[in-house]
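In the working numbering, the protein residues as written are 1 to 78.
Just so it is clear, CB atoms sit at the ideal spot from N, CA and C, and this is done for glycine as well.
A quick note: this is a predicted structure, and the numbers were derived from the prediction, not measured.
So the structure is just underneath, and the comments pick up after that.
Dropping the structure here:
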């Protein structure tokens with residue numbers, strides 16, 4: 001069974017771990033503390049995030065049996 005494998009643990013371990021716009025050395029102690037709290041929250045609730053997100057799909061093109069005349073419905077909204 002899928003749930004027995006705890007895929008949310010894998011999801012958490014494979015999360016993005018790079019701050020692209022900041023260097024850790026430049027962050028204040030308060031910001032680092034907030035990041036630690038955020039990561040703790042995400043880790044503690046990883047199962048709930050996985051439950052919601054693994055069912056979420058984005059339809060990005062028509063299915064084989066659908067008309068593809070109106071491709072605007074698949075465009076990215078502003």
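{"Asked": "Residue 55 burial status per 10 Å Cβ neighbour count (16 or more: buried)", "Found": "exposed"}
{"Asked": "Short Cβ contact (8 Å threshold) for residue 46 with residue 11", "Found": "yes"}
{"Asked": "Close Cβ partners of residue 49 (< 8 Å) along its chain, the five nearest in sequence each way excluded", "Found": "8, 11 and 42"}
{"Asked": "Alpha-carbon spacing of residue 5 relative to residue 13, whole angstroms", "Found": "14 Å"}
{"Asked": "Whole runs of the beta strand (DSSP E) within the stretch 14-42, excluding any shorter than 3 residues", "Found": "none"}
{"Asked": "Residue 53, enclosing alpha helix (DSSP H) - first and last residue", "Found": "46-53"}
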